[in-house]
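Remarks on the structure that follows.
Chains as they are written, first to last, in the numbering used here: chain A, 1 to 242; chain B, 1 to 242; chain C, 1 to 242; chain D, 1 to 242.
Right, dumping it as structure tokens:
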């Protein structure tokens with residue numbers, strides 16, 4: 001993929017409508033801040049939200065999406081199964097997917113993981129420090145050895161996911177917990193990246209390192225141009241069988 | 001786990017009822033042959049089939065099951081979703097699961113994998129040779145460097161599964177295909193092993209190496225006695241947070 | 001492997017001779033405490049130290065060793081290359097190896113990893129909490145979700161090792177660091193487990209959870225009875241080639 | 001890395017001098033054919049051979065090398081240990097390394113793997129078919145589901161390497177063997193790709209798919225711009241320790 005990926009930022013958008021605090025931090029929505037950051041870095045970005053028709057994820061939109069970024073929380077169950085299946089089939093076909101923070105409990109992430117995706121959590125705004133444990137990986141481009149978020153919601157182990165194909169970040173939390181905060185998964189022809197930070201009441205998505213990671217992940221998750229794969233009945237062997 | 005695992009062999013059992021050929025090869029069902037082999041090696045074995053109440057997988061049966069072996073094919077869609085979810089929750093809680101052959105398309109396996117589990121196939125009875133590629137793994141105990149099945153259905157790559165946590169066997173097929181034939185996956189607290197061979201019209205489950213692999217996998221997949229894990233809200237940090 | 005593994009505990013043994021503090025904590029040596037713990041759990045245990053002939057690792061001793069436990073620090077370079085190669089060849093042939101704490105810089109561990117095995121460290125006796133991140137793994141048998149060491153030397157990321165084949169523990173340190181503290185690697189026919197804790201001036205090896213982990217790892221790392229593998233020239237193909 | 005990587009193709013170059021057959025197939029050396037292919041695809045390419053001063057791998061050359069491609073065979077032991085260590089340190093620091101065919105037994109590859117890197121082999125010119133088993137990976141860009149080499153030397157399992165971090169190709173051989181033919185490894189900050197084909201008497205490096213794979217691997221293995229990592233003593237904790 002020599003051209004830059006086309007990215008769609010999906011946001012549930014419910015907190016922005018129901019919480020004054022969230023509206024203050026993200027007046028145009030979490031998606032707007034992420035979209036602005038990726039646009040500034042040169043990507044072709046659009047946004048979509050739950051309350052749009054088909055949640056904004058029409059066939060036409062997905063046809064123009066190389067990488068989908070997903071933020072959701074309180075309305076996971078309001079996401080239509082048909083749309084979840086549509087996104088799932090796109091990932092199977094090669095579309096990249098970046099799942100943020102509370103998206104660990106989204107239908108699409110759980111369907112792709114095959115586990116409960118459960119974890120421990122605590123919301124006292126403690127310090128988080130994300131350590132790079134895979135410094136040769138492109139998702140770490142431009143970062144230092146670690147970066148800090150002065151106040152974040154805590155997610156703690158056990159994080160009930162399959163073993164990540166590549167583990168990029170481990171978080172240290174002031175309250176005594178650790179977390180696998182940046183996890184790569186191969187699913188079908190697609191690449192999936194889970195990135196932990198991003199509580200809705202905190203200005204995490206304005207942090208340059210957080211924006212850099214999402215940008216790097218979009219480049220990494222974009223389709224790679226590999227083979228078109230076929231399945232099913234192949235009655236004729238490639239080699240002569242006695 | 002110092003005691004031997006209690007194993008339940010589940011078989012759809014439809015082919016045995018509808019195909020004279022299958023009935024000839026497995027007069028008492030595929031499950032009976034596997035059960036007999038594992039019993040002879042000292043395991044505590046029971047069987048269950050689709051047509052029993054609750055498919056034979058009642059809460060009581062699963063309470064006494066450390067490892068569940070699964071063979072299904074034409075009736076995947078007849079398996080009740082409630083039973084699938086029950087088995088899934090047991091795997092999340094630590095029960096081992098061994099999925100055989102056409103079980104790659106079972107509801108439970110697809111749910112645990114998060115991918116299509118699709119593949120190529122051909123049924124001309126060609127030779128299969130399974131090569132050990134992880135000779136330090138307990139699932140290979142007692143085997144040689146490879147073993148052969150003179151006639152098997154072919155399954156060929158791409159096998160659309162997540163990258164296995166451990167790859168044990170790679171199959172060579174006379175018709176020109178290869179296949180990842182023995183694959184270990186961690187899911188929740190449970191261990192899952194997919195083992196390719198076992199077409200219903202062929203006497204594969206009588207082959208000593210095939211029986212040995214299923215036995216080894218049962219020992220490997222049994223619960224390990226690890227921690228009871230808790231999830232959810234932990235409002236009190238383990239460490240004092242400023 | 002149905003019988004219990006025969007374990008040899010190797011300890012450099014230099015600190016015990018040169019430091020009054022270490023001698024106070026481990027009057028008979030670190031190896032004696034570990035050996036006593038494993039014996040009490042029923043394993044067949046012997047010890048060996050640097051200053052014995054051939055460092056105590058003669059062909060005869062290794063012939064009776066299923067799993068070798070390794071503690072070394074200041075004298076890594078005094079270990080004879082011939083003995084390192086002897087141990088290496090045993091691991092290639094299936095002997096298990098458990099490398100403890102400062103053994104990360106031993107010749108044998110670096111040779112098996114192929115990387116620098118470097119890390120960050122600090123010796124102020126801060127609190128360490130080891131979180132289980134793979135609760136289905138046999139090395140976690142009998143543990144809780146985490147265990148704590150009130151005072152330990154800190155090892156921090158980046159830990160320059162290859163990606164572990166299985167990651168079992170992640171440590172949280174009071175000073176703000178994290179570490180991959182329990183790491184499984186397959187090398188040749190052998191299994192290698194690196195376990196972080198164990199600074200020589202601290203009573204870490206008296207901690208029941210630490211003893212339990214070493215015991216579990218010995219069971220896990222013991223040879224599995226897999227195939228005898230052959231290499232080299234095979235001029236005759238298994239199948240007829242046109 | 002937005003700019004294209006600078007690639008150095010290293011070839012032992014002994015077969016070209018000693019074998020009329022090899023000289024006929026590769027009159028200017030294997031390195032010349034690979035260099036020409038990568039240049040034609042737009043990379044900045046140079047070559048180096050064993051018989052040059054410092055084997056052509058001076059500090060100056062490596063300073064300008066993002067990815068090193070390695071072909072060697074009969075003269076593995078003639079490669080100076082100092083040069084091997086120089087290359088090793090570059091890989092630890094982030095330089096990519098692509099090891100071809102008989103390079104599996106090179107000093108640098110064995111040092112990076114930590115295993116014997118042994119395998120089975122046979123030289124009767126049988127058919128090899130390389131199946132893609134990771135179609136989302138960038139190393140498969142532009143390929144079909146498989147590609148064939150009508151005549152190649154056979155390499156067969158067991159290939160005694162650590163479990164690859166990513167497995168890309170599995171080879172089928174007419175004589176009945178299989179092989180993990182495309183293997184990715186992370187080592188230090190660097191990425192390593194082993195690619196099986198390329199016997200010196202056969203025109204394998206003229207095959208478009210083979211050239212495409214080496215090109216893709218060069219893009220993949222190039223340094224990613226991740227953090228500069230520091231190791232050693234950090235006496236001051238990042239957080240206040242009681």
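For glycine and all other residues, C-beta sits at the position ideal for the given N, C-alpha and C.
None of these values were measured; they are calculated from a predicted model.
Backbone CA spacing between residue i and residue j [nearest angstrom]
i: residue 36 of chain D; j: residue 61 of chain D; result: 19 Å
i: residue 93 of chain A; j: residue 4 of chain A; result: 19 Å
i: residue 147 of chain C; j: residue 104 of chain A; result: 26 Å
i: residue 101 of chain A; j: residue 194 of chain A; result: 8 Å
i: residue 177 of chain C; j: residue 208 of chain C; result: 24 Å
i: residue 238 of chain C; j: residue 24 of chain B; result: 32 Å
i: residue 31 of chain A; j: residue 19 of chain A; result: 16 Å
i: residue 1 of chain A; j: residue 192 of chain B; result: The predicted position of residue 1 of chain A is uncertain, since its pLDDT is 44 and thus under 50; a value taken from the coordinates is nonetheless stated next. Going from the Cα of residue 1 of chain A to the Cα of residue 192 of chain B covers about 35 Å.
i: residue 65 of chain B; j: residue 155 of chain B; result: 30 Å
is_contact[residue i, chain B] using C-beta, thresh 8 Å
i: residue 108 of chain D; result: no
i: residue 75 of chain C; result: no
i: residue 191 of chain A; result: no
i: residue 188 of chain A; result: yes
i: residue 128 of chain A; result: no
i: residue 116 of chain A; result: yes
Residue i in three-state terms, based on DSSP
i: residue 12 of chain C; result: coil
i: residue 20 of chain D; result: helix
i: residue 54 of chain D; result: helix
i: residue 76 of chain B; result: helix
i: residue 198 of chain B; result: coil
i: residue 231 of chain B; result: coil
i: residue 209 of chain B; result: helix
i: residue 102 of chain D; result: helix
i: residue 120 of chain D; result: strand
i: residue 39 of chain B; result: helix
i: residue 128 of chain A; result: strand
Below-8 Å beta-carbon distance, residue i vs any chain C residue
i: residue 137 of chain B; result: yes
i: residue 172 of chain A; result: yes
i: residue 119 of chain A; result: no
i: residue 25 of chain A; result: no
i: residue 163 of chain D; result: yes
i: residue 112 of chain B; result: no
i: residue 140 of chain B; result: yes
Sub-8 Å separation of residue i and residue j beta-carbons
i: residue 236 of chain A; j: residue 171 of chain A; result: no
i: residue 15 of chain C; j: residue 153 of chain C; result: no
i: residue 142 of chain C; j: residue 225 of chain B; result: yes
i: residue 98 of chain C; j: residue 69 of chain C; result: yes
i: residue 43 of chain A; j: residue 138 of chain A; result: no
i: residue 223 of chain A; j: residue 95 of chain A; result: yes
i: residue 71 of chain A; j: residue 198 of chain A; result: yes
i: residue 79 of chain B; j: residue 107 of chain B; result: yes
i: residue 135 of chain A; j: residue 84 of chain D; result: no
i: residue 165 of chain A; j: residue 185 of chain A; result: yes
i: residue 33 of chain D; j: residue 205 of chain D; result: yes
i: residue 91 of chain B; j: residue 112 of chain B; result: yes
i: residue 116 of chain B; j: residue 188 of chain A; result: yes
Residue-level contact to chain D via CB, residue i, 8 Å cutoff
i: residue 175 of chain A; result: no
i: residue 149 of chain A; result: no
CB contact check: residue i to chain A, cutoff 8 Å
i: residue 220 of chain C; result: no
i: residue 239 of chain B; result: yes
i: residue 123 of chain D; result: no
i: residue 157 of chain C; result: yes
For this session: Mind checking the segment 225-237 of chain D against chain A and listing, in chain order, the residues whose C-beta falls within less than 9 Å of any C-beta there?
Result: 225, 226, 227, 228, 229, 230
Exercise. What residues from the segment 194-209 of chain A come within 7 Å of chain D, judged by C-beta to C-beta, listed N to C?
Worked result: none
Exercise. Quick one, which residues of the segment 86-102 of chain C are near chain D if we go by CB-CB under 7 Å, in chain order?
Worked result: 92
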